[in-house]
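Scroll down for the structure; my scribbles are underneath it.
Residue numbers (my numbering): 311 to 553.
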């Protein structure tokens, strides 16, 4: 019996892959990874030059990404069937081989592998290797601490309705907004309504080639890349001498 090993790849820079994941990826004979149809895939790009010459690759191509509303029944059906199919294919392969599944960031932090993991439980042995999540790479790119003392950090999805974004932005000390992309104008409006736009930073392609770090208020108001994160740093308790 083999097993399925999901390796966290970190935020994008290959140098930020853990030693354990690096070792497993280089030794792998069967490697699977998610990607959009017609694209090479970010996970595959990160491991370029690391795979063994004889490795067999299994690109898992999403049947839909942004073509349908993510809350629609059709979207849910397509994705559920996709995960069901690949869980079965990987489980069959793992009856005789170890399979390494590549996952950007940390597999258990909004990672696609979670949808496979729930379907694989009780069918095949699985192992998960943690990775540095993408937002960690982004706030380090700003060079500013994201939280201090007892700050409360909220991690939000740009796909949320504007009023939900506003509610969380008003209640948390520090903010991370992921899945920004075409939702940037909505996120920007919510930050402005919350009175926090001037404190927000936009990090595009954090730790990757082409990284850009800028004040959100000084950026263009249109869309941004899929790999873009908005940050609002906390300003909480910290020990300081009184003058």
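Virtual Cβ for every residue (Gly too), placed ideally from N, Cα, C.
Exercise. Are the CB atoms of residue 506 and residue 462 nearer to each other than 8 Å?
Worked result: no
For this session: Identify every run of the alpha helix (DSSP H) within the region 479-526, keeping only runs that are complete inside it and at least 4 residues long; order them along the chain.
Result: 494-503
Problem set entry | Residue interval of the beta strand (DSSP E) (run including residue 316) | 314-318
For this session: Verify whether the separation of the beta carbon atoms of residue 518 and residue 323 is less than 8 Å.
Result: yes
For this session: Whole angstroms is fine: what's the gap from residue 479's alpha carbon to residue 397's?
Result: 37 Å
Exercise. How many whole angstroms separate the CB atoms of residue 447 and residue 526, which I take to be in contact at a CB cut-off of 8 Å?
Worked result: Residue 447 to residue 526, Cβ: 18 Å. No contact.
For this session: Could you spell out the range, first to last residue, of the beta strand (DSSP E) harbouring residue 335?
Result: Careful: residue 335 lies outside any beta strand (DSSP E), inside the alpha helix (DSSP H) at 329-337.
Exercise. Mind checking residue 416: buried by the 16 CB within 10 Å criterion, or exposed?
Worked result: buried
For this session: State the CB to CB distance for the pair residue 476 and residue 497, rounded to an integer number of angstroms; the pair is presumed to be in contact (CB under 8 Å).
Result: About 10 Å; that fails the 8 Å criterion.
For this session: Kindly indicate which residue of 488, 460 and 454 has the alpha-carbon position closest to the one of residue 470.
Result: 488
Exercise. From 361, 524, 340 and 549, pick the residue whose C-alpha is nearest to that of residue 404; which is it?
Worked result: 340
For this session: Give the C-beta separation of residue 612 and residue 538 to the nearest angstrom, bearing in mind that I take them to be a contact with Cβ-Cβ under 8 Å.
Result: Because the chain spans 311 through 553 in this model, residue 612 falls outside it and cannot be assessed.
For this session: Determine, using beta carbons only, whether residue 313 and residue 408 come nearer to each other than 8 Å.
Result: yes
Problem set entry | residue 535 to residue 422 span [Cα, whole Å] | 19 Å
Problem set entry | Exposure label - residue 329; buried when at least 16 CB within 10 Å | exposed
Exercise. For residue 370, does the count of other Cβ atoms within 10 angstroms reach 16, so buried, or fall short, so exposed?
Worked result: buried
Exercise. For the region 377-435, which segments carrying the alpha helix (DSSP H) assignment without a break, of at least 4 residues, lie completely within its bounds, in sequence order?
Worked result: 383-403 and 423-430
Problem set entry | Cα-Cα separation between residue 349 and residue 342, rounded to whole angstroms | 15 Å
Exercise. Helix, strand or coil for residue 438 per DSSP?
Worked result: strand
For this session: Counting only the same chain and skipping the five closest in sequence on each side, list residues whose C-beta sits under 8 Å from that of residue 366.
Result: 339, 340 and 341
Exercise. At a Cβ threshold of 8 Å, is residue 489 touching chain D?
Worked result: Although the question refers to chain D, the structure presented lacks it and comprises just one protein chain.
Problem set entry | Proximity of residue 345 and residue 458 at Cβ, strictly below 8 Å | no
For this session: Just the C-alpha distance for residue 465 and residue 399, rounded to the nearest angstrom, thanks.
Result: 33 Å
Problem set entry | For residue 362, three-class secondary structure by DSSP | coil
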